[in-house]
Amino acid sequence: MANVNELPVFSLIEPAHVVADISRLISESRVAVESLLDVGGGYSWSNLIEPLENIEDKINKTWSPIGHLNSVKNSEAFREAYNACLPILSEYTTDMGQNGRLFEAYRLFADSEEYKLLGHAEKRVVENALRDFRLSGVHLPSEQKKRFKEIAQELSRLGSRFQDNLLDATQAWTKLIVDERLLEGLPATAKAQARDAAKAKELTGWLFTLDFPSYFAVVTHASDRSLREEMYTAYVTRASERGPDSGKWDNTEIMEQLLALRYEEARLLGYDDFAELSLSTKMASSAEEVIGFLYKLADSARPQALRDLAELREFAKSQLGLPTLEAWDIAYVSEKLKQSKYSLSEEEVREYFPASRVIHGLFLVVEQLFGLKIKEESGVDVWHQDVTYYEIHDEQGDLRGAFYLDLYARSSKRGGAWMDECISRRRSLSGKLQIPVAFLTCNFTPPSDGGGSGLLRHDEVVTLFHEFGHGLQHMLTKVDCLGVSGIHGVEWDAVELPSQFMENFCWEPEALKLISAHYQTGESLPHALLQKMVQARNFLSGMQMLRQIEFSLFDFVLHKQYDLSQGGQVYSVLQSIREQVSVLRPPEFNRFAHSFSHIFGGGYAAGYYSYKWAEVLSSDAFSLFEEEGVFNKQCGAKFLSCILESGGTRSAMDLFVAFRGREPRVDALLRHNGIEAAA
Ligand code: ZN
85 MANVNELPVF SLIEPAHVVA DISRLISESR VAVESLLDVG GGYSWSNLIE
135 PLENIEDKIN KTWSPIGHLN SVKNSEAFRE AYNACLPILS EYTTDMGQNG
185 RLFEAYRLFA DSEEYKLLGH AEKRVVENAL RDFRLSGVHL PSEQKKRFKE
235 IAQELSRLGS RFQDNLLDAT QAWTKLIVDE RLLEGLPATA KAQARDAAKA
285 KELTGWLFTL DFPSYFAVVT HASDRSLREE MYTAYVTRAS ERGPDSGKWD
335 NTEIMEQLLA LRYEEARLLG YDDFAELSLS TKMASSAEEV IGFLYKLADS
385 ARPQALRDLA ELREFAKSQL GLPTLEAWDI AYVSEKLKQS KYSLSEEEVR
435 EYFPASRVIH GLFLVVEQLF GLKIKEESGV DVWHQDVTYY EIHDEQGDLR
485 GAFYLDLYAR SSKRGGAWMD ECISRRRSLS GKLQIPVAFL TCNFTPPSDG
535 GGSGLLRHDE VVTLFHEFGH GLQHMLTKVD CLGVSGIHGV EWDAVELPSQ
585 FMENFCWEPE ALKLISAHYQ TGESLPHALL QKMVQARNFL SGMQMLRQIE
635 FSLFDFVLHK QYDLSQGGQV YSVLQSIREQ VSVLRPPEFN RFAHSFSHIF
685 GGGYAAGYYS YKWAEVLSSD AFSLFEEEGV FNKQCGAKFL SCILESGGTR
735 SAMDLFVAFR GREPRVDALL RHNGIEAAA
């Protein structure tokens, strides 16, 4: 039985009650905040900050499982309830941020004698709060305050609609194949999967969908070029006016509105544009710094990318009889070239990564690194039979955190992989400690009746380690104040440090021994196969790096150069970025931006660059382990205390320097990607 108190009871969350419950909670919270302020002065941690944290924590804990269910068990009723709550929550957040009396109370407290004696963490909570008042427009005249509030509500509504459209468009398209000859080249696992999908709908044949595992298998393996083209076209036009659904879930207008409103919000707050506003809470100090960083990386990656592309083209022509390399050929040709260069097949590799072994191995890795013990607990209420629940204990035997793991793709579940907070760590003044709980969500190929029970591709293993890294920062924090515990208060462009750090272990022989075992023989990954994987690790890394840089620049420049009179110009900005940095041009009909949910439906707007930014930190951090030993105990302990336990108590730069003994350098990132620095 689980040891964490007060876990959400998912089975009792009824869409019909959600709106009333949230409305009531928000009204109560408003009353509670006002009554705090009635004191009228003499503010202290215990009569101001602590009670406010209580209020915030209660809202978080109520809302988090609702938002989670909306993402992983979406239904018409649930979606309606969720969307109806968004304006209520957004209005409350803005009202709190614009509450002049509350702002004044914080300012008085920040001037008090008590404040001077506070620790780092507590001071940072107050500093961040003062900053966030300003970012909510507390200083604006009332007309503008009102406008700010409308914008915030509209942004939250539009972000959710963007995601809903994407999910609907993804689910609306399927492809039934009855002639097995068309499936030539597809691995047995993918076929079994498609067979199951057809059966589930009482169809005969093989049913393919735009869920990532299904789409990816076809474009990577199907010999039939027109099938690849058809799937590719459907996938890259999702939620656009070119979609196979005649544009029913077209995100075009939503993207335009989002960009316009973000720009207006930034201007209201006195920033030049939304990119400037985005940077106000990040580690990077200026737009020039971000753009300069990305171009410099692009300069380094470009020569390698050009060589990658030439090699692909040549191989496609001479070995596969493809005179041109089309967008729907790239994954396919890449896979064939990889097999021929390294005689490495992803399908052979995945036989060594049954999900259960990988998970167990992941736990052993963090046990060796950080002394953690992770154990599955039964009897916990979950939202789907595949979901498992675990608890983490540390070397001293203390319970540090818990998480739900939801691994597999299924309908009604949003695509991608993510970590989300279910419950956050905090200690109340009475001394009671709240244990943090995380949601870890992936969309891996589900186990099938037809064979290959839950075998993960190696990139899925990497994804699991990535999300687990986020989870570790959320769950291992030792910070007791809600505002800076876990990932709270960590600059967004440093948030990918623990996640990308953990990815590195998926390439280390010592770790691979723990996470691999052939699904039939139980043999761990043979050295020869690992050798091949390591050699192939940086296969096409130049092209991949440029692609990430292209996305990052596109997002940043789109927000930086927004012009009120001309609108977003989404695709012309994308086009111009591609002309500057990319070696490949996708076809004209490609509507990549229409499904770029990180920046239109998530929190990465003018912040997608964070992945590359934080990769400098994560690669450089990992290089210490390369120097000292991958499972070096001292390094593990240091990473634990400086990074994973410290939350947002200090700036990300300070914490990094505390860990590494110096400021970050880009060398390790380039080396890990097999790229030489540009002169
Ligand atoms: Zn991440």
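Those letters in the sequence shown? Residues 85 to 763, by the working numbering.
For glycine and all other residues, C-beta sits at the position ideal for the given N, C-alpha and C.
Is the separation between the beta-carbon of residue i and that of residue j shorter than 9 angstroms?
| i | j | result |
| --- | --- | --- |
| F292 | I261 | yes |
| E760 | P530 | no |
| G687 | S569 | no |
| Q247 | L170 | no |
| W502 | G691 | no |
| F296 | N527 | yes |
| V449 | I599 | yes |
| R322 | L242 | no |
| S370 | L381 | no |
| E607 | Y436 | yes |
| G538 | P438 | yes |
Mark residue i as exposed unless 16 or more other C-beta atoms lie within 10 angstroms of its C-beta, in which case mark it buried.
| i | result |
| --- | --- |
| G535 | Because the pLDDT at G535 is just 46, under 50, the model does not fix this residue reliably, and the value given afterwards should be weighed accordingly. That one is exposed. |
| S220 | buried |
| D543 | exposed |
| D263 | exposed |
| E711 | exposed |
| P593 | exposed |
| Q182 | buried |
| L513 | exposed |
| S532 | buried |
| R494 | exposed |
| A284 | exposed |
| Q584 | buried |
| N757 | buried |
| D704 | buried |
| P407 | exposed |
| R749 | exposed |
| P582 | buried |
| Y695 | buried |
| F743 | buried |
| D504 | buried |
| Q557 | buried |
Considering Cα atoms alone, identify which of the options is closest to residue i.
| i | options | result |
| --- | --- | --- |
| L343 | D392, S600, S240, P670 | S240 |
| V93 | A394, D105, A752, V464 | V464 |
| D141 | R509, L668, C526, Q341 | R509 |
| D478 | P610, M559, L446, Y436 | M559 |
| H444 | L548, L120, F399 | L548 |
| W147 | E419, R541, A104, G515 | A104 |
| E460 | V471, W467, F454, L453 | V471 |
| F673 | G455, D738, Y316, R434 | Y316 |
| T336 | Q653, S307, L701 | Q653 |
| P671 | S113, W412, R309 | W412 |
| F162 | H550, T525, S496 | S496 |
| M617 | Y319, I143, I172, K425 | K425 |
| G553 | A368, L524, R541, C565 | L524 |
| F454 | I414, F715, Y190 | F715 |
| V466 | E410, P149, T408 | P149 |
| R484 | G327, F623, T561 | T561 |
| L642 | V665, G626, I683 | I683 |
| Q518 | H550, D490, L540, D482 | D482 |
| G499 | D490, I507, C506 | D490 |
Starting from residue i, trace the beta strand (DSSP E) both ways and give me its first and last residue.
| i | result |
| --- | --- |
| A486 | 483-492 |
| L291 | 290-293 |
| D504 | 502-507 |
| T146 | Taken as a continuous stretch (DSSP letters only), T146 belongs to no beta strand (DSSP E), being part of the alpha helix (DSSP H) at 134-156. |
| E475 | 472-477 |
| K722 | Premise fails: K722 lies in the alpha helix (DSSP H), 717-723, not in any beta strand (DSSP E). |
What are the boundary residues of the alpha helix (DSSP H) that includes residue i?
| i | result |
| --- | --- |
| L393 | 371-404 |
| T336 | 336-352 |
| I414 | 414-426 |
| I106 | 99-121 |
| I727 | First-last for I727: undefined, no H or E at that position. |
Counting contacts by CB-CB distance shorter than 9 angstroms, is residue i in contact with chain D?
| i | result |
| --- | --- |
| L491 | You won't find chain D in this structure, because it holds only one protein chain. |
Exercise. Within the segment 164-236, note down every full alpha helix (DSSP H) run reaching 4 residues or more, in order along the chain.
Key: Counting only runs of 4 or more, we get 184-194, 197-200, 204-219.
Practice problem: Enumerate, from N- to C-terminal direction, the unbroken beta strand (DSSP E) stretches of 3 or more residues contained entirely within the segment 655-681. | Solution: List check, beta strand (DSSP E) in window: nothing returned.
Quiz prompt | Continuous alpha helix (DSSP H) assignments of at least 4 residues falling wholly in the segment 518-597 | solution = Listed in chain order, the complete alpha helix (DSSP H) runs (minimum 4 residues) inside the segment 518-597 are 542-559, 580-587.
Quiz prompt | 4-residue-minimum alpha helix (DSSP H) runs that sit fully inside the segment 253-322, ordered along the chain | solution = Complete alpha helix (DSSP H) runs here, min 4: 272-284, 296-305, 309-320.
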